[in-house]
Structure formats: structure tokens, C-alpha cells
Amino acid sequence: MKFLSILVACAVACPAVAEQALPPYTEAVLPMGNDIYAVSIGPGGPDEEFGSDATNGGLYRLTPDGATEEIKLSDEQGLRNPTGMVRSGNQIVIVDGNEVISTTLDGTVNWRQALDDDGVFLYDIEALDETTLLVSDFGRGAFLSVATQTGQIQPYLNDLRISGLARFAIAETGIYAVSWGSDDAWDSALYWVPHSDNGDTAVSLANSFGNLESVEIVYGTVVVGGYRGHEKYPNARLLRVESDGTIHPLSAGSHSRGISDILFDGASIWLTYFYDASYAGLPSQAAQNLD
């Protein structure tokens, strides 16, 4: 209950970062130094997210003085549907439809790799170690590995499949992953996937969510975010899940129309509010006491 009370208290009394405006339909934010980087799927919004070939998406830098700058990529190929990004050294690596792109902070592209298999739609990306990134393929429900230096894409965890696989968080012994589900049913779920060369099984830890999209681990505590909460807590956009599957609704973030991404950087918890075109950070002093 300590985790719940801290989140409630900091949401009401002491937000370290006030909610800041973002470009429309921003999927995720990434703090780097004093700036915040963001990826947006562009003015077409969700209606074009999976079908558009137009370069409507964008990478943005938000500075402490409130300015927003679009970063143009040096290869001039643009972005279509960027939904996730991760820091890799001094680079940003973005997933965009069927592509993975590594860029410097000023937009100089290091490499751009595409996976042309049918149905591919890359959704989230996280660092496994210094040489390997993991990517979720929403279209096929699979995980992929990506080499940080070259962008080489390979299958990961063999034939494992999670229908509607969205974002995930990496723990020492495995992966927490969420599924999107149907827009009119409570069929999103939180899964546990062990790290294993023979890993072909995803264990459902908790279900009956509505349109889960994000998950993060905060000092060992699993937090999930979405758009329609849970069957028991339909108004909660952010929820805590215990190891036994017990679910607790949280006040932080639940005032929004949906949380597309959660990022814990070791000091603060960053929430991206997709339909509200804003983001917020929970205070570092609260994050340090979540245990």
C-alpha cells in the first residue's frame, strides 16, 4: 500500500514536473539531459497508424524553456508511424512501422533497417544489454532482437506469440509484456515471459484489462497503463499489479484519456498521455521511496 499512497500523494500535492504539451498523438517520451525527446505518429492519428505510408510522423525535442523543435532525419526518409524509442549510448533508436532507426540527437541517421515480412508492425523497443535491443512486433505478436551497432534484426524467443503484443519491460529473469486486446471487450492482459533459448510460453499474470498499452517496473513493482482501465476499475488508467495478480487502481495518470507509455529512468516516472497530447513526471523523491 506504500506504493499506492505515494503515487496518490504526489499526484495531488507535489508534481515535480507539471504536465507539458506535446505534438498531437505522441506515443512516447524520452528524457535525455535537460531535454525531452518525443515520437509522434502525426496528424492522421490512430486512424492511419497501421496503414499510412505517408511520412506524417515525427521526432521532437522539447527544451526546458517550453520550445518544441522537430528533428529532421538526415537520410530524408522521414517517419511514418513511430511508436517507441530507447536510448542507446548517445543515440536514440526508434521503431517505426516495419523499420528500426538509429539516430544522433541532431537527427544524423546511423542506420535504418527494415523487416519486410508480411504483417510486421514494430511497437516498442528496450535495451537488453549494451549490444542488443529487444523489439515487440505488434503485427505478428513476436519479439525480435536488434544489434545496436548495425541494426541487424533477428527472431527472439523462437516461436513465442502473444496476440496484440504492445509494450514490454525487461527484468533480470524475464519480460513483462502487455497485449492490446479488443476495443469493446475486457481482454487485454499482462504476461510474464522467461528469458530462455527455449522460451515459447507466455504466462498470463493478470487479465480483464481494457486496451493496455504500457508496462514498467519501478523498484520491482509492476505498473501498467492503458485506455479503459480494468473490468473492476474502468476509470483507472494506471494500475499496480502484485506478483499474485492482484490489481490496484492508482490515482496518478487516471485523470487522463489514456497512458501510451510509462518510463522509469531510475529517478522519475514519466507518463505519456496520448490523447491529451501531454506528458508528466512523478517526483524523484517519490520514486526513491517506492519500495
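Each step along the sequence shown adds one to the number in numbering that gives the first Met the number 0, with nothing skipped, and position 80 is 79. Glycine included, C-beta positions come from ideal geometry on N, C-alpha and C.
Just to confirm before moving on: does the CB-CB distance between residue i and residue j stay below 8 Å?
i, j, result
"ARG291", "SER135", "Nothing can be reported for residue 291, as the shown portion of the chain is limited to 0 through 290."
"ARG239", "HIS247", "yes"
"ILE169", "GLU125", "yes"
"LEU262", "GLU215", "yes"
"VAL223", "SER213", "yes"
"ILE40", "GLY56", "yes"
"LEU72", "GLY106", "yes"
Compute the Euclidean distance between the alpha carbons of residue i and residue j, then round it to the nearest angstrom.
i, j, result
"THR245", "ARG86", "32 Å"
"LEU143", "SER253", "31 Å"
"ALA37", "TRP269", "12 Å"
"GLN151", "ARG236", "36 Å"
"TYR175", "GLU68", "33 Å"
"LEU189", "LEU114", "26 Å"
"GLY219", "GLU129", "22 Å"
"ASP123", "VAL94", "7 Å"
"VAL119", "ASN234", "32 Å"
"ALA276", "THR25", "6 Å"
"ASP117", "ASP158", "16 Å"
"THR149", "GLN19", "35 Å"
"THR147", "GLY140", "22 Å"
"LEU281", "GLU98", "32 Å"
"ILE5", "ASP52", "Summary for ILE5: the model assigns pLDDT 38, below 50, so the residue's position carries little reliability; its value from the coordinates is reported in the next sentence. Taking the straight line from one Cα to the other gives about 43 Å."
"PRO42", "VAL192", "35 Å"
"GLY22", "VAL217", "Position check: residue 22 holds Pro in this sequence, whereas Gly was assumed. When rounded, the distance between both Cα atoms is 27 Å."
"ASP34", "ASP264", "14 Å"
"GLN112", "LYS231", "42 Å"
"PRO45", "GLU171", "33 Å"
"GLU241", "ARG60", "35 Å"
"ASP290", "SER267", "Residue confidence for ASP290 is low, a pLDDT of 32 falling below 50, so the modelled location carries little weight; the figure read from the coordinates is stated next. Spanning the two alpha carbons is a distance of roughly 14 Å."
"ALA12", "SER195", "Annotation note: pLDDT 36 at ALA12 (below 50); position unreliable, coordinate value reported separately. In a straight line, the C-alpha of ALA12 is about 43 Å away from that of SER195."
"ALA66", "GLY32", "15 Å"
"MET84", "GLY225", "18 Å"
"SER203", "ASP243", "11 Å"
"HIS173", "LEU58", "First, the amino acid is wrong: residue 173 is Gly here, not His. Their Cα atoms are separated by approximately 30 Å."
"SER181", "GLN153", "29 Å"
"THR82", "ALA205", "24 Å"
Taking DSSP's pairing of strands, which residues face residue i in a bridge?
i, result
"SER101", "VAL92, TRP110"
"ARG60", "TYR36, GLU68"
"LEU281", "ILE268"
"GLU292", "Here the chain covers residues 0 to 290 and nothing more, so residue 292 does not appear."
"ASP74", "The partner list for ASP74 (beta bridge, DSSP) is empty, contrary to what the question assumes."
"VAL145", "LEU132, ILE152"
"THR25", "SER39"
"ARG239", "VAL222, HIS247"
"TRP191", "TYR175, VAL202"
"ALA168", "TYR175"
"LEU262", "TRP269"
"SER87", "GLN90"
"ASP117", "None, per the DSSP bridge assignment."
"GLU316", "A query on residue 316 cannot be resolved here, the shown segment of the chain reaching from 0 to 290 and no further."
"ALA20", "SER277"
Excluding the 5 residues preceding and the 5 following residue i in the sequence, name in chain order all residues of the same chain whose CB lies nearer than 7 Å to its CB.
i, result
"TYR155", "LEU133, PHE142, LEU143, SER144"
"ALA10", "Interpretation of ALA10 is limited by its pLDDT of 40, a score under 50 that renders its predicted location unreliable; no figure is taken from the coordinates."
"ILE161", "GLY140, ALA176, SER178, TYR190, ALA201"
"SER259", "GLU26, ALA27, GLU212, SER213, THR271, PHE273"
"PRO30", "ASP264, TRP269"
"ARG227", "GLY209, ASN210, PRO233"
Give me, in chain order, the residues of the same chain whose beta-carbon lies closer than 8 Å to that of residue i; leave out the 5 immediate sequence neighbours on both sides.
i, result
"ASN89", "THR103, LEU104"
"HIS229", "TRP185, SER207, PHE208, GLY209, ALA235, LEU238, ILE246, PRO248"
Which residues in the same chain as residue i place their Cβ atom closer than 6 Å to its Cβ, once the five residues preceding and following it in sequence are excluded?
i, result
"GLY291", "What is shown of the chain runs 0 to 290, which leaves residue 291 out entirely."
"GLY96", "ARG79, ASN80"
"GLN287", "Its pLDDT being 36, under 50, GLN287 is placed unreliably by the model, and the measurement read from it follows with that caveat. No residues qualify anywhere along the chain."
"ASP74", "VAL108"
"GLY138", "GLY118, VAL119, PHE120"
"TRP110", "SER101, GLY150"
"PRO63", "ASN33"
Beta carbon of residue i: closer than 7 Å to some heavy atom of the ligand PLP?
i, result
"ILE91", "The ligand content of the structure shown is nil, which means the ligand PLP is not present either."
Legend entry - Three-pair Cβ contact test at 8 Å for the region 175–189 versus the region 209–220: Yes: the two stretches touch, three or more of their Cβ pairs being nearer than 8 Å.
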